[in-house]
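*Asks:* Numbering (the working numbering), first residue to last: 31 to 440.
Note that the Cβ used here is the ideal one computed from N, Cα and C, for glycine as well.
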Ligand SMILES: Cc1cc2nc3c(=O)[nH]c(=O)nc-3n(C[C@H](O)[C@H](O)[C@H](O)COP(=O)(O)OP(=O)(O)OC[C@H]3O[C@@H](n4cnc5c(N)ncnc54)[C@H](O)[C@@H]3O)c2cc1C
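#1: How should residue 383 be labelled, buried or exposed, when 16 other C-beta atoms within 10 angstroms of its C-beta is the threshold for buried?
#2: Looking at residue 80: is its Cβ nearer than 7 Å to the Cβ of residue 156?
#3: Which residue marks the beginning of the beta strand (DSSP E) containing residue 383, and which one marks its end?
#4: Take every Cβ of the stretch 345 to 354, pair it with every Cβ of the stretch 189 to 198, and state whether three or more of those distances are shorter than 8 Å.
#5: According to the neighbour-count rule (16 or more other Cβ atoms, all chains shown, within 10 Å of its Cβ), is residue 297 buried or exposed?
#6: Run the proximity test for residue 41: is its beta-carbon closer than 6 Å to any non-hydrogen atom belonging to ligand 1?
#7: Nearer than 6 Å: is that true of the beta carbon of residue 60 relative to any heavy atom of ligand 1?
#8: Could you give the first and the last residue of the continuous beta strand (DSSP E) run that contains residue 303?
#9: With residue 341 and residue 390 assumed to form a contact (beta carbons below 8 Å), what rounded beta-carbon distance in angstroms separates them?
#10: Pull up the distance between the alpha-carbon of residue 39 and that of residue 64, whole angstroms please.
#11: Locate the alpha helix (DSSP H) running through residue 128, then write down its first and last residues.
#12: Would you tell me roughly how many angstroms separate the C-alpha atoms of residue 319 and residue 280, rounded to the nearest one?
#13: So what does residue 253 bridge to, in DSSP terms?
#14: Taking the runs of the alpha helix (DSSP H) that are 4 residues or longer, which of them lie wholly in the stretch 316 to 375?
#15: In whole angstroms, what separates the C-alpha of residue 144 from that of residue 283?
#16: Which residue or residues does DSSP assign as beta-bridge partners of residue 247?
#17: For residue 59 and residue 251, I'd like the C-alpha separation in whole angstroms.
#18: State the Cα-Cα distance for the pair residue 229 and residue 439, rounded to the nearest angstrom.
#19: Quick check on the burial criterion: 16 or more other C-beta atoms within 10 angstroms. Buried or exposed for residue 83?
#20: Confirm the yes/no value for this check: CB of residue 411, any heavy atom of ligand 1, distance under 6 Å.
#21: Using the C-alpha atoms, what's the distance from residue 425 back to residue 270?
#22: Is residue 177 near ligand 1 - that is, is its Cβ less than 6 Å away from at least one heavy atom of it?
As structure tokens, then:
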């Protein structure tokens with residue numbers, strides 16, 4: 031069976047990988063270079079501990095408060111678009127407790143094999159930079175520490191298999207010398223990991239090619255047409271035929287599907303990152319700078335700070351004030367590491383459905399057409415689980431139970 035995957039981000043590449051291992055002849059079609067959109071400059075955390083949906087009780091009130099400040103962790107740039115209004119309405123409706131808990135359970139279940147699947151990728155010859163240093167969450171206010179501790183307690187009650195330890199400032203500083211004196215307490219999730227996302231996408235692309243898959247770059251998919259004989263795809267001016275198609279176009283997925291009359295109700299949530307060797311006491315493990323909602327990931331080369339969530343449509347421009355807020359975040363949490371002389375300043379678009387859960391599954395009424403998108407803050411984390419669970423559906427029409435909550439017609 032020939033399967034075309036549209037989009038070469040971490041989700042498209044993972045889907046392609048597991049489809050190929052499932053016996054499909056795979057062609058991946060990427061309009062630019064693989065791994066250069068949202069999957070490039072993100073924090074790279076493999077973090078089942080963050081399986082709680084963004085649409086959560088109280089989040090709308092908090093978001094409205096943040097709206098008053100242009101360098102806050104969350105921003106909506108209003109635009110006269112009924113789709114944005116509909117998205118905000120549905121987001122608010124999804125943030126009730128029952129739906130929040132159901133979403134948490136669904137993401138935990140999909141994440142249950144995440145670490146094992148990452149080990150599998152490494153074992154099967156995909157080369158990428160992965161670290162097993164856990165995640166240390168730092169707080170400068172008792173209130174935020176207690177709130178996050180309550181979220182993690184709930185996550186454990188709902189089945190998160192890892193442990194979470196509470197640390198005082200001194201303990202946190204002994205464990206991690208980069209922690210500053212302003213920190214009042216910390217939470218340690220030792221099982222979490224992180225990858226350098228650019229190496230993961232490059233590793234998947236080359237492993238795919240080496241094992242017989244076709245990865246075509248610089249070919250924009252401009253038309254998808256399904257019929258009895260399968261799918262015809264116009265990509266970079268050429269026609270590609272396939273039995274099945276998986277659309278994994280990240281924040282652009284809605285645009286790819288629109289000509290077919292398919293609407294998925296997804297927004298783009300911009301985030302920024304800055305990568306630098308910097309100066310001062312370098313962190314040795316990923317740090318979550320709690321109130322600032324900034325992730326800090328140390329890599330073999332530089333250290334990356336990543337954060338902010340901005341609903342501004344498909345717009346990759348860099349707002350220097352927001353990037354500066356991310357760059358300033360260490361001042362409150364870290365001893366003296368600062369991101370001097372950045373090697374990369376970056377913006378990326380997280381694909382985010384209104385209920386903030388991924389969209390993974392068959393497109394109703396379109397035989398042979400599938401979607402894998404909407405992973406919001408968890409795209410790197412959930413990429414292998416998404417590909418591994420979607421492959422049996424595409425190849426054998428077998429729906430694994432963990433995929434059911436993510437179907438498109440939910
Ligand atoms: C600041 C920030 C920090 C983050 N940190 C983390 C983290 O620590 N852990 C985590 O799990 N997640 C994190 N994320 C989220 C993660 O980056 C995303 O969920 C993930 O990268 C989405 O991957 P994707 O493959 O869906 O999209 P993308 O990587 O955007 O890939 C989509 C691809 O489709 C291609 N495309 C679009 N249209 C077409 C077309 N017509 N034809 C062909 N190709 C097309 C694009 O060029 C692109 O390459 C973070 C995101 C941000 C912004």
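*Replies:* In terms of the structure at hand:
#1: Indexing the chain shown from 1 puts residue 383 at position 353. Classification of residue 383: buried, given that the 10 Å Cβ count is 16 or more.
#2: As a first step, residue 80 must be located in the chain shown, where it is residue number 50. As a first step, residue 156 must be located in the chain shown, where it is residue number 126. No; because the gap between Cβ atoms is not below 7 Å, this pair is not in contact.
#3: Within the chain shown, numbered from 1, the residue matching residue 383 stands at position 353. Element bounds for residue 383: 374 to 383.
#4: As far as the Cβ criterion goes, the stretch 345 to 354 does not touch the stretch 189 to 198, which means the pair count is below three.
#5: Indexing the chain shown from 1 puts residue 297 at position 267. The residue in question, residue 297, is buried, as its Cβ has 16 or more Cβ neighbours within 10 Å.
#6: Counting from one through the chain shown, the residue named residue 41 turns up at place 11. In this structure, residue 41 has its CB closer than 6 Å to one or more heavy atoms of ligand 1.
#7: As a working mapping, residue 60 is identified with position 30 in the chain shown. Yes.
#8: Numbered from its first residue, the chain shown carries residue 303 at position 273. Here the beta strand (DSSP E) through residue 303 covers 296 to 306.
#9: Taking the first residue of the chain shown as position 1, residue 341 is located at position 311. Taking the first residue of the chain shown as position 1, residue 390 is located at position 360. About 22 Å; that fails the 8 Å criterion.
#10: By one-based count along the chain shown, residue 39 stands at place 9. By one-based count along the chain shown, residue 64 stands at place 34. Cα-Cα distance, rounded: 6 Å.
#11: If you number the chain shown from 1, residue 128 lands on position 98. Here the alpha helix (DSSP H) through residue 128 covers 127 to 141.
#12: Translated into positions along the chain shown, residue 319 becomes position 289. Translated into positions along the chain shown, residue 280 becomes position 250. Rounded to the nearest angstrom, the two C-alpha atoms are 26 Å apart.
#13: Counting from 1 along the chain shown, the entry for residue 253 is found at position 223. In DSSP, residue 253 forms a bridge with 264.
#14: 350 to 358, 360 to 363
#15: Taking the chain shown and counting its residues from 1, the one referred to as residue 144 is at position 114. Taking the chain shown and counting its residues from 1, the one referred to as residue 283 is at position 253. Rounded to whole angstroms, residue 144 to residue 283 spans 24 Å at the Cα level.
#16: By one-based count along the chain shown, residue 247 stands at place 217. 60.
#17: Looking up residue 59 in the chain shown gives position 29. Looking up residue 251 in the chain shown gives position 221. Computed Cα separation, rounded: 7 Å.
#18: Taking the first residue of the chain shown as position 1, residue 229 is located at position 199. Taking the first residue of the chain shown as position 1, residue 439 is located at position 409. Near 34 Å, if we compare the C-alpha coordinates of residue 439 and residue 229.
#19: By one-based count along the chain shown, residue 83 stands at place 53. Buried is the call here.
#20: Sequence index remark: in the chain shown, residue 411 carries index 381 (1-based). For ligand 1, at least one heavy atom lies less than 6 Å from the Cβ of residue 411.
#21: If you number the chain shown from 1, residue 270 lands on position 240. If you number the chain shown from 1, residue 425 lands on position 395. For residue 270 and residue 425, the distance between alpha carbons rounds to 19 Å.
#22: Taking the first residue of the chain shown as position 1, residue 177 is located at position 147. Here the distance from the Cβ of residue 177 to the nearest heavy atom of ligand 1 is not below 6 Å.
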